[in-house]
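Visitor: Numbering-wise, this note's numbering puts 45 at position 45 of the sequence shown, and it's gapless, one number per residue. My questions all concern the structure below.
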Amino acid sequence: MSGKFLTFEGGEGGGKSTQVKLLADALKQAGHSVVTTREPGGAPAAEDIRELLVSGEVDRWSPMAEVLLNYAAREMHVIKTVRPALERGDWVISDRFSDSTMAYQGYGGGIERDRIASIHSAVLGPFKPDATFILDLPVGEGLARAGRRMIKMKSNEDRFERMETDFHNRLREGFLSIAAAEPDRCKVIDARGDIDAVAKAVRTSLHDLLGVQV
Ligand code: TMP
């Protein structure tokens, strides 16, 4: 069977990167070739744009500038990494993709949703993930977890984490609205459980959405 494009989405601190790895391991175990990747980033030029987006002053970019930078990065990510992998028949799992732009810059940053949707179709046409797992967590808990992780990793990629709590509440609601509007593509997963419980919920969701058992 040919590969599918899977994405993990959600606010800060939901444990996406851990779950990307666990699902990749499960798919490999089942005999599939898997490429894991992330946004913003996932290709050399896109990683350069990531640097610009995730560090520095909170007001460094307007929300529309963030949309455009994310779509420039996404174009390179799709051209260099995602499409070639899917054409080889590999599975691709991305830590974030276009739903993050709709949630962060649309619901969070206040850019009209149809403007973002128009930019999406201008850049990528109808291309979207086959299945999307939205790791959902109360905002306070997610920001606390993300903060601990930043300290541990000595990371300065905290420009979005430093935005106001209301911004994070809006984007959480945004992800839930996206999931409600596209139930055949998206599943919301409660990220408060332990790592194994969340991983099991992801595999169940994969089965529900695509009929694939791992
Ligand atoms: P990460 O911390 O999950 O790696 O993602 C980097 C940050 O970029 C995160 O705070 C969410 C934000 N982001 C957007 O605001 N818009 C986007 O389109 C993407 C992909 C990420």
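Using N, Cα and C, we set each Cβ at its ideal position, and we do this for glycine too. As the structure is a prediction and not an experimental result, all values here were calculated from the model.
Based on Cα-Cα distance, which residue from 132, 192, 3 and 140 lies nearest to residue 164?
Guide: Here residue 164 refers to the residue found at position 164 when the sequence shown is read from its first residue. Here the closest residue by C-alpha is 140.
Visitor: Regarding residue 129 and ligand 1, is the C-beta to nearest heavy atom distance less than 7 Å?
Guide: Along the sequence shown, one-based indexing puts residue 129 at 129. No, Cβ of residue 129 sits at least 7 Å from all heavy atoms of ligand 1.
Visitor: Using a Cβ-based criterion (distance less than 7 Å to any ligand heavy atom), does residue 66 qualify as near ligand 1?
Guide: Counting from 1 along the sequence shown, the entry for residue 66 is found at position 66. Yes, since a heavy atom of ligand 1 falls inside the 7 Å radius drawn around the Cβ of residue 66.
Visitor: Examine the Cβ distances between the stretch 126 to 133 and the stretch 50 to 69 and report whether three or more of them are shorter than 8 Å.
Guide: As far as the Cβ criterion goes, the stretch 126 to 133 does not touch the stretch 50 to 69, which means the pair count is below three.
Visitor: Does the pairing of the stretch 43 to 54 with the stretch 68 to 85 give three or more beta-carbon distances under 8 Å?
Guide: Cβ pair count under 8 Å is three or more, so yes.
Visitor: Answer yes or no: do residue 134 and residue 39 have a C-beta to C-beta separation smaller than 8 Å?
Guide: Numbered from its first residue, the sequence shown carries residue 134 at position 134. Numbered from its first residue, the sequence shown carries residue 39 at position 39. The answer is no: Cβ separation not under 8 Å.
Visitor: Could you pull the start and end residues of the beta strand (DSSP E) that residue 92 belongs to?
Guide: Taking the sequence shown and counting its residues from 1, the one referred to as residue 92 is at position 92. Run containing residue 92: 91 to 95, per the beta strand (DSSP E) assignment.
Visitor: According to DSSP, simplified to helix, strand and coil, what is residue 180?
Guide: Here residue 180 corresponds to residue number 180 of the sequence shown, with the count starting at 1. Three-state DSSP puts residue 180 in a helix.
Visitor: Using a threshold of 7 Å, is the CB atom of residue 167 nearer than that to any non-hydrogen atom of ligand 1?
Guide: As a position in the sequence shown, residue 167 is number 167, starting the count at 1. Checking every heavy atom of ligand 1 against the Cβ of residue 167, none is found closer than 7 Å.
Visitor: Exposed or buried, which one is residue 88 when buried takes at least 16 other CB atoms within 10 Å?
Guide: Reading the sequence shown from its first residue, position 88 is the one you call residue 88. Burial call: exposed.
Visitor: State yes or no: is the C-beta of residue 5 within less than 8 Å of the C-beta of residue 82?
Guide: Translated into the one-based positions of the sequence shown, residue 5 becomes position 5. Translated into the one-based positions of the sequence shown, residue 82 becomes position 82. Yes; because the gap between Cβ atoms is below 8 Å, this pair is in contact.
Visitor: From 58, 121, 56 and 33, pick the residue whose C-alpha is nearest to that of residue 85; which is it?
Guide: Along the sequence shown, read from residue 1 onward, the residue named residue 85 stands at position 85. Of 58, 121, 56 and 33, the residue nearest in Cα terms is 33.
Visitor: Report whether the distance from the Cβ of residue 193 to the nearest heavy atom of ligand 3 is below 7 Å.
Guide: For ligand 3, the structure offers nothing, since it holds only ligand 1.
Visitor: Would you kindly work out how many angstroms separate the C-alpha atoms of residue 212 and residue 57, rounded to a whole number?
Guide: The residue you call residue 212 lines up with position 212 of the sequence shown. The residue you call residue 57 lines up with position 57 of the sequence shown. Going by the C-alpha atoms only, they are around 43 Å apart.
Visitor: With three or more C-beta pairs closer than 8 Å as the rule, is the stretch 192 to 209 touching the stretch 144 to 155?
Guide: They do not touch, by the three-pair rule.
Visitor: So, under 8 Å CB-CB, residue 214 and residue 95 are touching, yes? Tell me the CB distance rounded to an integer number of Å.
Guide: Counting from 1 along the sequence shown, the entry for residue 214 is found at position 214. Counting from 1 along the sequence shown, the entry for residue 95 is found at position 95. The Cβ separation is near 18 Å, so there is no contact.
Visitor: Would you tell me roughly how many angstroms separate the C-alpha atoms of residue 162 and residue 109, rounded to the nearest one?
Guide: Stepping through the sequence shown from its first residue, residue 162 is reached at position 162. Stepping through the sequence shown from its first residue, residue 109 is reached at position 109. Their Cα atoms are separated by approximately 14 Å.
Visitor: Could you please give the first and the last residue of the uninterrupted beta strand (DSSP E) stretch that includes residue 37?
Guide: Residue 37 sits at position 37 when you count from the first residue of the sequence shown. Counting along the chain, the beta strand (DSSP E) containing residue 37 begins and ends at 34 to 38.
Visitor: My guess is that residue 11 and residue 142 are in contact by the Cβ rule of under 8 Å, so how many angstroms apart are they, rounded?
Guide: Taking the first residue of the sequence shown as position 1, residue 11 is located at position 11. Taking the first residue of the sequence shown as position 1, residue 142 is located at position 142. Going by Cβ atoms, the distance from residue 11 to residue 142 rounds to 5 Å, so yes, they are a contact pair.
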